Amino acid sequence: MQALKGTHDILPEEVYKWDYMEGVIRAVCSRYGYKEIRTPIIEATELFQRGIGDTTDVVTKEMYTFKDRGDRSVTLRPENTASAVRAYLEHKMYGDQQVHKMFYIGSMFRYDRPQAGRYREFHQFGLEVLGASSPLADAEVIAMACEIFHRLGLKNLDLHLNSIGDRNCRPAYRQKLIEFFEAKKDQLCEDCRERLYKNPLRILDCKEEGCKKASEGAPEITDYLCEECHNKFEAVKHYLDALGISYTVDPRLVRGLDYYTNTAFEIQYPPLGAQSAVCGGGRYDGLVEEIGGPSTPGIGFAIGLERLLLALDMQNLIPVPAVNKKVYIAALGEDAIAAGFKIQEELRSRHVIADMDLQGRSLKGQMKQAGRMNAVYTIIIGSNELEKGKAVVKTMETGTQQELPFEEVADYIVTEETNSNRL
Ligand code: HAM
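The sequence shown: position 129 = 243 (this note's numbering), numbered continuously.
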């Protein structure tokens, strides 16, 4: 049996990397006032159809949707924004008129063609701010994404920024785009020909050569923004300038989810190649209403953790954790093993990392194992020791040995540790 295509195991030897990333992220979140939210991995399909948009690739092609045994259509979450907003509504968080800042870390599922940096089950860290319409919130969220990368030491990232307008100004732009692409319909890929009337902005984002070529000279959204959207975009840029955050205005950045309004952004790490976006996000002022709640502004982003990990590995930025220093207990014979087992438990309850053989090795084999594990102390209990009721405690670094009654061993090691700091 093998893991499903596009899914992967994170093996015990790799988990430290994830702990490290998540540790840095959590520390930044707490400084910016974000609290964690954990939502179910499975939701009613309708949530994503309404939230993400039923003409998006994610909803039409990539969702893991099935009927449960009660004949309800359910979906493994392809992203977490819609679920966070659903929870915000369900728990009436809007009732206190406060800004809510939430973050999440977890698995998302998209049935996409797997390749380097693209998986069917992947992990995101993301955050959402609900209840803040000020462009200052946009700038703060973008600054926070940059701060996370900065804390991790990641360099050579590109921030792409755009405004995709709102329901007042986007329709006119959409119409202009349809007119523009209608004349070039034959040059478009099959997907884009379908998108032409449903979701023409997505054509700008298509990676097919023909579509890229057809997009040359396409009208740019930034020329069609209404005054309000234009001013908001200027304000976001102004705040980013004030922090010295550099960005490229990219009028082709449209994002793949329909809920966005105004600010849209992506942070790319070009060496990752085709899947270079490590972070994507934007404002979604219509989403809460779309899902059935009161009109509430929202903004957020998500970082793909597999891609972040690839980038950190490429720049060699993940510190290898120090090897745990331990005590090894080598014992032979049932009663000796029982005595060692008791010592092991006592050491562990006193915060010492202790280990003993579970494979029936000979005493010699156990001593070798102690060496392989770089044990700081080895406690030896053979038949002689059992008779005397004493264990041999060997300090591995110096080779010195001494005999101690079983019940004094843990005390000795804990005191030694306080004095020598070997463990
Ligand atoms: P998204 O751009 O679809 O946005 O995904 C965000 C990030 O997740 C991407 O930039 C990428 O790093 C990672 N990602 C997406 N799909 C895959 C995949 N198949 N394999 C590996 N990594 C992937 C969202 O999901 C929005 N919910 C972000 C957001 C939050 N917008 C507002 N709030």
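C-beta atoms are modelled at their ideal positions from N, C-alpha and C, and glycine is treated no differently. Nothing here was measured: the structure is a model prediction, and the numbers come from that model.
Beta carbon of residue 496 nearer than 9 angstroms to that of residue 387:
Counting from one through the sequence shown, the residue named residue 496 turns up at place 382. Counting from one through the sequence shown, the residue named residue 387 turns up at place 273. No, Cβ-Cβ distance for residue 496 and residue 387 is not below 9 angstroms.
How long is the line joining the alpha carbons of residue 454 and residue 197, rounded to whole angstroms?
By one-based count along the sequence shown, residue 454 stands at place 340. By one-based count along the sequence shown, residue 197 stands at place 83. One C-alpha to the other measures close to 51 angstroms.
Return the residue from the list 312, 536, 472 that minimises the CA-CA distance to residue 491.
By one-based count along the sequence shown, residue 491 stands at place 377. Among 312, 536, 472, the Cα nearest to that of residue 491 is on 536.
The beta strand (DSSP E) that contains residue 519, what's its start and end?
Here residue 519 is taken as the residue at index 405 of the sequence shown, counted from 1. Per DSSP, residue 519 belongs to the beta strand (DSSP E) from 515 to 519.
Where the beta strand (DSSP E) containing residue 397 begins and where it ends
For this step, residue 397 is matched to residue 283 along the sequence shown. Taken as a continuous stretch (DSSP letters only), the beta strand (DSSP E) holding residue 397 covers 391 to 397.
Residue 381 and residue 274 closer than 9 angstroms at C-beta:
As a working mapping, residue 381 is identified with position 267 in the sequence shown. As a working mapping, residue 274 is identified with position 160 in the sequence shown. It is a contact, given that the beta carbons lie within the stated cut-off.
Residue(s) in a DSSP beta bridge with residue 443
Indexing the sequence shown from 1 puts residue 443 at position 329. Its beta-bridge partners are 470, 493.
Reducing DSSP to helix, strand and coil, say where residue 212 ends up.
The count along the sequence shown starts at 1 and reaches residue 212 at position 98. Here DSSP, grouped into helix, strand and coil, assigns residue 212 to coil.
Taking the C-alpha atoms as reference points, what is the distance between residue 448 and residue 180?
Counting from 1 along the sequence shown, the entry for residue 448 is found at position 334. Counting from 1 along the sequence shown, the entry for residue 180 is found at position 66. Spanning the two alpha carbons is a distance of roughly 54 angstroms.
In the DSSP assignment, the beta strand (DSSP E) including residue 380 goes from what residue to what residue?
To locate residue 380, count along the sequence shown from 1; it is residue 266. That run of the beta strand (DSSP E) goes 375 to 382.
Just to confirm before moving on: does the CB-CB distance between residue 266 and residue 422 stay below 9 angstroms?
By one-based count along the sequence shown, residue 266 stands at place 152. By one-based count along the sequence shown, residue 422 stands at place 308. Taking 9 angstroms as the Cβ cut-off, residue 266 and residue 422 qualify as a contacting pair.
Considering only the alpha carbon of each residue, which of 439, 441, 259 lies closest to residue 354?
Counting from 1 along the sequence shown, the entry for residue 354 is found at position 240. Closest by C-alpha distance to residue 354, out of 439, 441, 259, is 259.
Please name the residue or residues paired with residue 187 in a DSSP beta bridge.
Locating residue 187 in the sequence shown gives position 73, counting from the first residue. Residue pairing of residue 187 in beta bridges, as defined by DSSP: 181.
Closer than 8 angstroms: is that where the CB of residue 415 sits relative to any heavy atom of the ligand HAM?
Here residue 415 refers to the residue found at position 301 when the sequence shown is read from its first residue. Yes; taking the cut-off as 8 angstroms, the Cβ of residue 415 has a heavy atom of the ligand HAM nearer than that.
Checking the sheet assignment: what are the DSSP bridge partners for residue 242?
Locating residue 242 in the sequence shown gives position 128, counting from the first residue. Paired residue(s): 216, 414.
Threshold first: 3 residues or longer. Then list the beta strand (DSSP E) segments lying entirely within the segment 215 to 291, N to C.
235 to 244, 272 to 277
Below 7 angstroms CB to CB, which residues in the same chain sit around residue 291 once its five sequence neighbours on both sides are set aside?
The residue you call residue 291 lines up with position 177 of the sequence shown. The residues are 314, 315, 332, 333.
Output the distance between the C-alpha atoms of residue 402 and residue 469, rounded to the nearest integer angstrom.
As a first step, residue 402 must be located in the sequence shown, where it is residue number 288. As a first step, residue 469 must be located in the sequence shown, where it is residue number 355. In a straight line, the C-alpha of residue 402 is about 53 angstroms away from that of residue 469.
Candidates 122, 219, 242: closest to residue 228 by CA position
Numbered from 1 along the sequence shown, position 114 holds the residue referred to as residue 228. Answer by Cα proximity: 122.
Can you say whether residue 311 is buried or exposed, counting buried as having 16 or more other CB atoms within 10 angstroms of its CB?
The count along the sequence shown starts at 1 and reaches residue 311 at position 197. When all chains shown are included, residue 311 counts as exposed.
Taking buried to mean at least 16 other C-beta atoms within 10 Å of its own C-beta, is residue 200 buried or exposed?
Along the sequence shown, one-based indexing puts residue 200 at 86. So residue 200 ends up on the buried side.
Evaluate residue 465 with the Cβ neighbour count: other Cβ atoms within 10 Å of its Cβ, from every protein chain shown; 16 or more gives buried, anything less gives exposed.
Within the sequence shown, numbered from 1, the residue matching residue 465 stands at position 351. Exposed is the call here.
Residues that DSSP places opposite residue 505 in a beta bridge:
For the purposes of this step, residue 505 is identified with residue 391 of the sequence shown, where counting begins at 1. Here residue 505 is bridged, per DSSP, to 518.
Apart from the five residues on each side of it in sequence, which residues of its chain come closer than 7 angstroms, Cβ to Cβ, to residue 298?
The count along the sequence shown starts at 1 and reaches residue 298 at position 184. Closer than 7 angstroms at Cβ, skipping near neighbours: 328.
Rounded to the nearest angstrom, what separates residue 248 and residue 340 at their Cα positions?
Reading the sequence shown from its first residue, position 134 is the one you call residue 248. Reading the sequence shown from its first residue, position 226 is the one you call residue 340. If you take the alpha carbons of residue 248 and residue 340, they lie about 17 angstroms apart.
Using only CA atoms, which one of 150, 338, 204 lies nearest to residue 285?
Within the sequence shown, residue 285 is the residue found at index 171, counting from 1. Closest by alpha carbon: 338.
Rank 132, 177, 254, 211 by C-alpha distance to the C-alpha of residue 220 and give the top, closest one.
In the sequence shown, counting from the first residue as 1, residue 220 sits at position 106. Nearest C-alpha to residue 220: 132.
C-beta atoms of residue 203 and residue 414 nearer than 9 angstroms
If you number the sequence shown from 1, residue 203 lands on position 89. If you number the sequence shown from 1, residue 414 lands on position 300. Result no, Cβ atoms of residue 203 and residue 414 do not sit closer than 9 angstroms.
Proximity winner among 531, 489, 529, relative to residue 511 (alpha-carbon distances)
For this step, residue 511 is matched to residue 397 along the sequence shown. The residue with the shortest Cα to Cα distance from residue 511 is 489.
Is any non-hydrogen atom of the ligand NAP found closer than 8 angstroms to the C-beta of residue 388, if you look at the structure I gave you?
This structure lacks the ligand NAP; the ligands present are the ligand HAM.
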